[in-house]
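Engineer: One structure is given below, represented as C-alpha cells, and several questions about it will come after.
There are 2 protein chains.
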Amino acid sequence: MLENKVINIGLAGFGTVGHGLADVIEESRDVIRRRTGSDIRIKSVLIRSDRRRAEVEAIGATPVTDYRALIDDPDIDIVVELTGGIEFPRTLITEALQAGKHAVTANKALLAEDGMRLFALAAEKGVHLGFEASVAGGIPVVRPLRESLAGNSIRKILGILNGTANYILTEMTDKGLDFETALSDAQAKGYAEADPTLDIEGIDTAHKLTLLIRLAFGCNYPFAKLPVTGITVVTPMDIRFAQEFGYRIKLLAQARLVDGKVEAGVYPALVPEDNLLASVNGPFNAIRLEGIAGPVVLHGRGAGDRPTGSAVLADIMAIARHAAPNNLGFVNPVLPEADILDLDDAVSLHYLRFIVPDRAGVLRDIAGVMADRNISIQQVTQKPAVDGGGVPLVFLSHEAKAGDIHSAMREIENMGLTLARTMHFRIL
Amino acid sequence: MLENKVINIGLAGFGTVGHGLADVIEESRDVIRRRTGSDIRIKSVLIRSDRRRAEVEAIGATPVTDYRALIDDPDIDIVVELTGGIEFPRTLITEALQAGKHAVTANKALLAEDGMRLFALAAEKGVHLGFEASVAGGIPVVRPLRESLAGNSIRKILGILNGTANYILTEMTDKGLDFETALSDAQAKGYAEADPTLDIEGIDTAHKLTLLIRLAFGCNYPFAKLPVTGITVVTPMDIRFAQEFGYRIKLLAQARLVDGKVEAGVYPALVPEDNLLASVNGPFNAIRLEGIAGPVVLHGRGAGDRPTGSAVLADIMAIARHAAPNNLGFVNPVLPEADILDLDDAVSLHYLRFIVPDRAGVLRDIAGVMADRNISIQQVTQKPAVDGGGVPLVFLSHEAKAGDIHSAMREIENMGLTLARTMHFRIL
Chain A
1 MLENKVINIG LAGFGTVGHG LADVIEESRD VIRRRTGSDI RIKSVLIRSD
51 RRRAEVEAIG ATPVTDYRAL IDDPDIDIVV ELTGGIEFPR TLITEALQAG
101 KHAVTANKAL LAEDGMRLFA LAAEKGVHLG FEASVAGGIP VVRPLRESLA
151 GNSIRKILGI LNGTANYILT EMTDKGLDFE TALSDAQAKG YAEADPTLDI
201 EGIDTAHKLT LLIRLAFGCN YPFAKLPVTG ITVVTPMDIR FAQEFGYRIK
251 LLAQARLVDG KVEAGVYPAL VPEDNLLASV NGPFNAIRLE GIAGPVVLHG
301 RGAGDRPTGS AVLADIMAIA RHAAPNNLGF VNPVLPEADI LDLDDAVSLH
351 YLRFIVPDRA GVLRDIAGVM ADRNISIQQV TQKPAVDGGG VPLVFLSHEA
401 KAGDIHSAMR EIENMGLTLA RTMHFRIL
Chain B
429 MLENKVINIG LAGFGTVGHG LADVIEESRD VIRRRTGSDI RIKSVLIRSD
479 RRRAEVEAIG ATPVTDYRAL IDDPDIDIVV ELTGGIEFPR TLITEALQAG
529 KHAVTANKAL LAEDGMRLFA LAAEKGVHLG FEASVAGGIP VVRPLRESLA
579 GNSIRKILGI LNGTANYILT EMTDKGLDFE TALSDAQAKG YAEADPTLDI
629 EGIDTAHKLT LLIRLAFGCN YPFAKLPVTG ITVVTPMDIR FAQEFGYRIK
679 LLAQARLVDG KVEAGVYPAL VPEDNLLASV NGPFNAIRLE GIAGPVVLHG
729 RGAGDRPTGS AVLADIMAIA RHAAPNNLGF VNPVLPEADI LDLDDAVSLH
779 YLRFIVPDRA GVLRDIAGVM ADRNISIQQV TQKPAVDGGG VPLVFLSHEA
829 KAGDIHSAMR EIENMGLTLA RTMHFRIL
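Chains A and B, in that order, give the protein sequences. Here the first sequence is numbered in this note's numbering, starting from 1 and rising by one per residue. Here the second sequence is numbered in this note's numbering, starting from 429 and rising by one per residue.
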C-alpha cells in the first residue's frame, strides 16, 4: 500500500463519547489503515468554553468555537455530532448534509423525533448519515438490520435498550431494594444521571425502538404515538411475585408485525427466567430479532465511551471505505407511515396484582369481572397481608387483549374491590 | 420505483439449504425489492440426477446438468454454491470468479482449506465472494466483523459453532447420557449425520474458526496447523464433576491475540455457568467477540434451511445493492500468515481428572509433580470409587501453561500413578 488518504473529521461534542472516539481511533490506527486504506484524523473539535481547549489540542486537533468552522472547512469530510440535545444537533447535521458532507451521530432523540427529514436530505445529497452508535452503543445492530439480516425479514423486535433502567431493575431484583434506593445507588455509581427522566421513564428506550422499527420493518412509527411506560411503577413486591412464578421484570422495547400492522411499545414486562433476555443484567443491553429464519440475540454494552466511540468509528470507517450510503436500508428514503395496531387489540399474557380487603367474595367478584370478558386465568395466588393492610392477589392470564384487561381493571377499581393501585404488566 | 432490475442466480446444490434459499427469496420478494431495487430470481439450478428436475421446475428455474451452463450464461450475475465437498466447489467458484461473476457460498471447508487463493482471485476480478452463511448460519457475524465491529479491534473470539456437537453435549448434560447414546439420539432426530465425523471431531468448528480469525485479526492461521480436539473424549463423569464445580462442558472455538501472536484452538472446555455461553443449548450457536470496546455476544441458529438460506440471501442482496466488494474486510486481500503462539505457552485454567488407586501417598505424589512445575491448584476433590475400581481425583488449577500441564500429565502417567486415561480440559 502506498500513501494513505486522510479522512478528516469535524467533531462536535468532546464529552465521554467524544473522548472514547479519540481513544479508539488512536488505538486502531493500524487496523483502520489495513481495513480502509485511509488514516482517520480528528481535525477540528467544536468547544463551547475554553475549558476543553487543552484537551482538544492534546489529541492534535484544532479547537473551534463556531460550528460553521466545521461546515465551511473544505478539508473536513465527515461531521460527527456527539453533543446531545435536539435543536443544535438538528442545525449542525442539516447544514453539514446540505454542504455535501457525511454526518455520523449517536443522537437517538433527534433521529427518532425528526430523523426522516434528515434521511431524506442525506439521500438527496448522496451522503452518509451514520447512526450505528445511536442504538445499543457497542452492539452491532443498525448495520446488521439493514444488511446481514436483510434476508431474514424481521417480524419481531424485543430489546433491553437502556443500561440505566436495566441496572436499577437488576439491583432491585438482586438486593430487594425499592426503586428510590436503587436509583440513588445508580446515581452514586455513575450509572444514572442527575436527571434520570429519559432513562427511567422509558423515553430513551422509545427513541431507540423508533429507529429499530424503521430499520427492521421499513416504516415510520411516529415517536409521539409510541406507548411508553417507565420503571418508576415497578415495586419490590411485584419483582418478588414475578420471581416466584419464574420471571424477571425487565424494561422492554417491543415491536412486531401482526397481519401487516405494527404493534409496538415500551413497558416493564415479565420475562421467563429461561429466556436469554432474563440474563441481561446491570448496564448491559440485548436485542432479540425474530424473522422468517429464526431468532437472533445480540448482547453487549449499550453505552459508555469506548462501546459508543467504536460504533461511531465503524460508521466513519464505512465512509472511508467508500461504501455506498445505505442509511435506512431501503432504496426509497421516504418510509411509509406505520399502520398501527389498535392498542386495545394487542394480545399477550398479563400479570395483574390487586391489593384487596381480606374478606369473603372479593376473589369471586374479581374473577367474575374477568370471566365476563373471556379473560382466561392460568394462575392465581393470594399472598399474606402487606404492611398497611390489604391482601395481594396476583393473576397470570392466558392470552388476552390489552383492551379487555384495561376495561376489567377499571371495572374492578370502580366496584371498590381494591385498596391500592392495581399493577399490570405484560408477560413475554 | 419504476421497473426493477432482475438479478439472476445460478444455483449449484438444491438440498436443504438450497430449498431454504428458494423459500426465503419467495417470501421476501417485496422486502428484497424495497431494500435493493431489484428482483432476485433463481434462473438455473445444477442437478446431478433427474430426481431433482421437477423440484427445480417447481420454483420456476431451469435445471441444468453441466455446471458450465451456470458459468457460460451471460444473464447469470451470481453463482451460488451450496453443494458441499471441496473439489467440485473449488472448480465451480474458481471458474465463476474467473468469468467475472460474483460468487456466494456456505462452504466453510473450502474457504478454510483453500480460501485465500479464491479471495485473491475475487479481488483481482473486483467481484464479491460472499460467505456470511459459512459461519453460524442465521447469526450475522461475517459482515459485522468486517464492518460494524471494525471499530472495536477484536482481540478475542470464543464460539460455540457446531449445533450437532452442542446438541450432543446438551443431551449428555441434561439427561446424563453417555456419548454414544447421545450421538445415536441426535442421529435419530436428524441433528447428526450418518457420518458425524466433521461435527463431533471439531473439524467443522475449526473450519469456521479459521474464517473468523481472518475476519477479526486480518491474518491467515493455516487450518492444518489449528489444534483440534473433538467431543468424543467427553464423559458423563467429567460433565458431572464440572457441574459440581459450577461449570458446563462446551465445544469451544477460541482465538486471541497475545502480544501480537495468535493463540487458537478447538476443544471441549469448562464454561462457568454464569457465562452467557453456558446457556447456549441444543442446536444453537453463539459467538463472543471481545475488543477494545468490550464484549459482544451473538446468539442464534447455526444451521438449517432458512437460517443458512437467509444468510446466503443477505450476501445476494448486498450484490444487488451494488455494495462494493469487501470480502475479507481488508484492503489487501493477501493476509499475512498468523504468528502462532507456541502451544506450550498458552496460559489458562485447567481441569485435570485422574483415576488413581485408593492408597496412601498418591495425592502427595501427584501434587508433588504439579508443584515441581509451579502449577498452583485452586481446588482438588477426591470422589468415591468408580465402577471397575479406582478413585477419581479432580484438580482445578490456577493459571498455568499448557506445556507444564502436559508434561505433568505425562510424568504422572509414567510414574504409574493412574489406572485410566487422564482427562484434561481447559477452563474458560
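Note that the Cβ used here is the ideal one computed from N, Cα and C, for glycine as well.
#1: Could you check what DSSP says for S153(A) in three-state terms: helix, strand or coil?
#2: With C-beta atoms as the reference, is M745(B) less than 9 Å away from I460(B)?
#3: Pull up the distance between the alpha-carbon of V484(B) and that of D627(B), whole angstroms please.
#4: Helix or strand or just coil, what does DSSP make of M415(A)?
#5: What are the uninterrupted segments assigned as beta strand (DSSP E) that are 3 or more residues long and contained completely in the stretch 100–139 of chain A, given in chain order?
#6: Using a cut-off of 8 Å between C-beta atoms, extract the partners of A731(B) located in chain A.
#7: What's the gap between the Cα of F758(B) and the Cα of T235(A)?
#8: Residues in the same chain with beta-carbon distance under 6 Å from K636(B), minus the five sequence neighbours each way, listed in chain order, please.
#9: Is the shortest distance between the beta-carbon of V331(A) and the beta-carbons of chain B less than 9 Å?
#10: Just mark M837(B) as buried or exposed, buried being the case when its beta carbon has 16 or more other beta carbons within 10 Å.
#11: Answer with buried or exposed for M1(A), where buried requires no fewer than 16 other C-beta atoms within 10 angstroms of its C-beta.
#12: Give every residue of the same chain whose Cβ lies closer than 7 Å to the Cβ of G230(A), excluding the five residues on either side of it in the sequence, and list them in chain order.
#13: Around the Cβ of R359(A), are there at least 16 other Cβ atoms within 10 angstroms (buried) or fewer (exposed)?
#14: When you compare each of G737(B), V724(B) and L439(B) to A303(A) by their alpha carbons, which one comes out closest?
#15: Check whether the stretch 505–515 of chain B and the stretch 430–445 of chain B touch, using three or more Cβ-Cβ pairs below 8 Å as the test.
#16: Expressed to the nearest angstrom, what Euclidean distance is found between the alpha-carbon atoms of G454(A) and R301(A)?
#17: If we call anything under 9 Å between Cβ atoms a contact, is L276(A) one with I157(A)?
#18: Leaving out five residues before and five after L298(A) in sequence, what residues of the same chain have Cβ atoms less than 6 Å from its Cβ?
#19: Beta carbons nearer than 9 Å to chain A: which residues of the stretch 497–519 of chain B have them?
#20: Quick check on this structure: which residue in K653(B), V434(B) and D602(B) has the alpha carbon closest to the alpha carbon of V708(B)?
#21: Using the beta-carbon count (16 or more within 10 Å), is D344(A) buried or exposed?
#22: In chain A, what lies closer than 9 Å to L447(B) by C-beta?
#23: On a Cα-Cα basis, can you pick out the residue from A338(A), P63(A) and R321(A) that is closest to D259(A)?
#24: Residues in the same chain with beta-carbon distance under 7 Å from A497(B), minus the five sequence neighbours each way, listed in chain order, please.
#25: Quick one, are the C-beta atoms of D402(A) and A346(A) less than 9 Å apart?
#26: In whole angstroms, what is the alpha-carbon distance linking G265(A) and V334(A)?
#27: DSSP on E27(A), reduced to helix/strand/coil?
#28: What residues in its chain sit with their C-beta under 6 Å from that of I405(A), if we drop five residues either side in the sequence?
#29: From which residue to which residue does the alpha helix (DSSP H) around V233(A) run?
#30: Between the C-alpha atoms of L891(B) and L573(B), what's the straight-line distance to the nearest angstrom?
#31: Do you know how far the Cα of K383(A) is from the Cα of Y695(B)?
#32: Among A96(A), G163(A), G130(A) and A61(A), which residue has its Cα nearest to the Cα of V104(A)?
#33: Flag G13(A) as yes if its beta-carbon sits less than 9 Å from any beta-carbon of chain B, otherwise no.
#34: Taking 9 Å as the CB-CB cut-off, is N754(B) touching chain A?
#35: Between the C-alpha atoms of V656(B) and A748(B), what's the straight-line distance to the nearest angstrom?
Structural biologist: Per the coordinate set shown:
#1: Here the question's residue 153(A) lines up with position 153 in the first sequence. Here S153(A) sits in coil by DSSP.
#2: By one-based count along the second sequence, residue 745(B) stands at place 317. By one-based count along the second sequence, residue 460(B) stands at place 32. The answer is yes: Cβ separation under 9 Å.
#3: Counting from one through the second sequence, the residue named residue 484(B) turns up at place 56. Counting from one through the second sequence, the residue named residue 627(B) turns up at place 199. Cα to Cα, the separation comes out at about 30 Å.
#4: For the purposes of this step, residue 415(A) is identified with residue 415 of the first sequence, where counting begins at 1. Coil.
#5: 102–105
#6: Mapped onto the second sequence, residue 731(B) falls at position 303. Result: empty, since nearest Cβ-Cβ is about 10 Å, beyond 8 Å.
#7: Along the second sequence, one-based indexing puts residue 758(B) at 330. Along the first sequence, one-based indexing puts residue 235(A) at 235. Going from the Cα of F758(B) to the Cα of T235(A) covers about 51 Å.
#8: For the purposes of this step, residue 636(B) is identified with residue 208 of the second sequence, where counting begins at 1. The answer, listed in chain order, is K536, V563 and L589.
#9: Within the first sequence, residue 331(A) is the residue found at index 331, counting from 1. Closer than 9 Å to some Cβ of chain B, the Cβ of V331(A) qualifies, so yes.
#10: By one-based count along the second sequence, residue 837(B) stands at place 409. Burial call: buried.
#11: Position 1 of the first sequence, counted from the first residue, corresponds to residue 1(A). A caution first: M1(A) carries a pLDDT of 40, below 50, which makes its placement in the model unreliable, though a value can still be read off. Burial call: exposed.
#12: Within the first sequence, numbered from 1, the residue matching residue 230(A) stands at position 230. I200, E201 and G202.
#13: On the first sequence, residue 359(A) is found 359 positions in, with the first residue counted as 1. Under this definition R359(A) is an exposed residue.
#14: Against the first sequence, residue 303(A) aligns to sequence position 303. The candidate whose alpha carbon is nearest that of A303(A) is V724(B).
#15: yes
#16: The requested residue 454(A) is not part of the displayed model; chain A covers only 1 to 428.
#17: The count along the first sequence starts at 1 and reaches residue 276(A) at position 276. The count along the first sequence starts at 1 and reaches residue 157(A) at position 157. Going by C-beta atoms, L276(A) is not nearer than 9 Å to I157(A).
#18: Translated into the one-based positions of the first sequence, residue 298(A) becomes position 298. Closer than 6 Å at the Cβ level, and outside the excluded window around L298(A), lie I139, V141 and I287.
#19: none
#20: Numbered from 1 along the second sequence, position 280 holds the residue referred to as residue 708(B). Taking only the C-alpha atoms, the option nearest V708(B) is D602(B).
#21: Against the first sequence, residue 344(A) aligns to sequence position 344. So D344(A) ends up on the exposed side.
#22: Reading the second sequence from its first residue, position 19 is the one you call residue 447(B). It should be pointed out that residue 447(B) corresponds to His in this sequence rather than to Leu. Chain A residues near H447(B): none, gap ~13 Å exceeds 9 Å.
#23: Here residue 259(A) corresponds to residue number 259 of the first sequence, with the count starting at 1. Ranking the options by Cα distance to D259(A), first place goes to A338(A).
#24: Translated into positions along the second sequence, residue 497(B) becomes position 69. Taken in chain order, the residues that qualify are S472.
#25: Here residue 402(A) refers to the residue found at position 402 of the first sequence. Here residue 346(A) refers to the residue found at position 346 of the first sequence. Asp is not the amino acid found at residue 402(A); the sequence shown has Ala there. Yes.
#26: Locating residue 265(A) in the first sequence gives position 265, where the first residue counts as 1. Locating residue 334(A) in the first sequence gives position 334, where the first residue counts as 1. Using only the alpha carbons, I get a separation of about 23 Å.
#27: Counting from 1 along the first sequence, the entry for residue 27(A) is found at position 27. E27(A) falls in the helix class under three-state DSSP.
#28: Sequence index remark: in the first sequence, residue 405(A) carries index 405 (1-based). Same-chain partners within the cutoff: H350.
#29: Numbered from its first residue, the first sequence carries residue 233(A) at position 233. V233(A) -> no alpha helix (DSSP H), and no H or E assigned at all.
#30: Absent from the model: residue 891(B). The displayed extent of chain B is 429 to 856, so no value can be given.
#31: As a position in the second sequence, residue 695(B) is number 267, starting the count at 1. As a position in the first sequence, residue 383(A) is number 383, starting the count at 1. Going from the Cα of Y695(B) to the Cα of K383(A) covers about 50 Å.
#32: In the first sequence, counting from the first residue as 1, residue 104(A) sits at position 104. Residue G130(A) is the option with its Cα nearest to V104(A).
#33: In the first sequence, counting from the first residue as 1, residue 13(A) sits at position 13. G13(A) does not count as touching chain B.
#34: Taking the second sequence and counting its residues from 1, the one referred to as residue 754(B) is at position 326. With 9 Å as the cut-off, N754(B) counts as an interface residue toward chain A.
#35: The sequence position of residue 656(B) within the second sequence is 228, counting from 1. The sequence position of residue 748(B) within the second sequence is 320, counting from 1. Taking the straight line joining both Cα atoms gives about 38 Å.
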